[in-house]
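Residue numbers 188 to 445, in this note's numbering, belong to the letters of the sequence shown in order.
Yeah, the Cβ is synthetic: ideal placement off N, Cα and C, and Gly gets one too.
Before any comments, here is the structure.
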Amino acid sequence: MDLSDPNPEVWDYLKGFVIRYDKSIFSTEDFARGDISLDSKIIHPAIDPLTVKNKDIGDSTIDKYLKKYDLKTDKPIITQISRFDKWKDPEGVVDVFDKVKEEVDSRLVLLGAPAIDDPEGPKIHKRLMEKVKGRDDVIIINKESDILVNVLQRVSSVVLQKSLREGFGLTVTEALWKGAPVVASDVGGIPLQIVNEETGFLVDPNDHKQVAEKIIRILEDPELGAKLGGSAYNQVKEHFLIIHQLLGWIKVLKEVLS
Ligand code: UDP
């Protein structure tokens, strides 16, 4: 939870429960709130590299799922994988894509699994479908499929995460792990994961021109994309695999128990 600027009423209510605990765990420094006397620890979210979503997959598996979802690779693919949520700004993603298309012919894929705890999702999905009605260059898939997440993060020329707000942004971690060139917002936990210009591009999500320019740079220079993606993998390996998260929890438990 981001407690840097909480709704005062909600926080007053929750605080009564929170202070009963021995420690609080936050996913990033920025979210830790100063006004609780509890000892706070930072444990970053992490990915499991052995799951269907993240494991290595061969070309035949990739081809199988590209066919199954009728996804063509004759043009570069730009993908955003996110719940259909206002903070993930899917409509803004389409606007950025329109700017990209003025320079480079490409396709946009938006994959979003329906989230049962997100009542606004169906409304946002419907609005998005209306926005792109009749277009065949924007593909919207409203389905939960770990293997499709894996496939898309591997075949995309650019993985975009144009969140207006973000907790940590595990979709970014997952894409970096696969060596995908990532363009993502400089918000929430995303800047912890990307060294700008070295392991991806950090952008202002409200500056559509800037976001489009970074995507175009990668599309026009595949070597740059490969370089960014290659360095990104190491960053995840060193900091954001489940083993690091596990060690963080063991440390916390040891402290509490002693
Ligand atoms: N996810 C998924 N299918 C989708 C969209 C998202 O499996 O169609 C997964 C994604 O791979 C990631 C998680 O949901 O593991 C989203 O985490 P993130 O931190 O990026 O965003 P959140 O939804 O928690 O705000």
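Would you kindly report the start and end of the unbroken beta strand (DSSP E) that includes residue i?
i, result
"I347", "According to the sequence displayed, residue 347 carries Leu and not Ile. It spans V345 to Q348 - the beta strand (DSSP E) in which L347 sits, taken as one unbroken run."
"A294", "A small correction: the amino acid at residue 294 is Arg; Ala does not occupy that position in the sequence shown. Here the beta strand (DSSP E) through R294 covers R294 to L298."
"K210", "K210 to F213"
"I264", "I264 to I268"
"L389", "F388 to V390"
"K228", "D226 to I229"
"I303", "It is not in any beta strand (DSSP E) - I303 carries neither H nor E in the DSSP assignment."
"I448", "The structure shown has nothing for residue 448, since the chain only spans 188 to 445."
Given 7 Å as the limit, tell me if residue i has its C-beta closer than that to any heavy atom belonging to the ligand UDP.
i, result
"T358", "yes"
"K240", "yes"
"S269", "yes"
"A300", "yes"
"E331", "yes"
"E361", "yes"
"V336", "yes"
"F388", "no"
"F355", "yes"
Which same chain residues end up closer than 8 Å to residue i when comparing Cβ atoms and leaving out the 5 residues on each side of it in sequence?
i, result
"S350", "S269, W274, K275, D276, G356, A371, S372, V374, G375, I377 and P392"
"E353", "W274, S372, V374, G375, G376 and I377"
"P395", "A small correction: the amino acid at residue 395 is His; Pro does not occupy that position in the sequence shown. Correct list, in chain order: G279, D282, V283 and K286."
"L225", "V205, I206, Y208, D209, K210 and S211"
"L315", "F271, P277, E278, V281, L297 and I327"
"I405", "S344, V345, P368, V370, F388, L411, G412 and L415"
"R341", "I244, I249, K365 and A367"
Span of the alpha helix (DSSP H) holding residue i?
i, result
"K202", "P195 to V205"
"A413", "P409 to H426"
"K288", "P277 to E290"
"V359", "L357 to W364"
"S247", "D246 to K255"
"V338", "D333 to V342"
"V443", "I429 to L444"
Evaluate residue i with the Cβ neighbour count: other Cβ atoms within 10 Å of its Cβ, from every protein chain shown; 16 or more gives buried, anything less gives exposed.
i, result
"T260", "exposed"
"G416", "buried"
"V448", "Any answer about residue 448 is impossible in this case: the structure gives the chain only from 188 up to 445."
"R294", "buried"
"L258", "buried"
"H426", "exposed"
"T215", "buried"
"G321", "exposed"
"G299", "buried"
"E331", "exposed"
"V443", "exposed"
"K401", "buried"
"T360", "buried"
"L440", "exposed"
"V197", "exposed"
Any heavy atom of the ligand SAH closer than 7 Å to the Cβ of residue i?
i, result
"V369", "By its list of ligands, the structure shown excludes the ligand SAH, since it contains just the ligand UDP."
Ordered along the chain, which non-local residues of its own chain (more than five positions away) have a Cβ less than 7 Å from that of residue i?
i, result
"L428", "A233, I234 and P236"
"S343", "I264, I265, T266 and A367"
"A399", "V283, K286 and V287"
Among residues of its own chain, excluding the 5 on either side of residue i, which ones have a beta-carbon nearer than 6 Å to its beta-carbon?
i, result
"V336", "K240 and I268"
"Q422", "T386"
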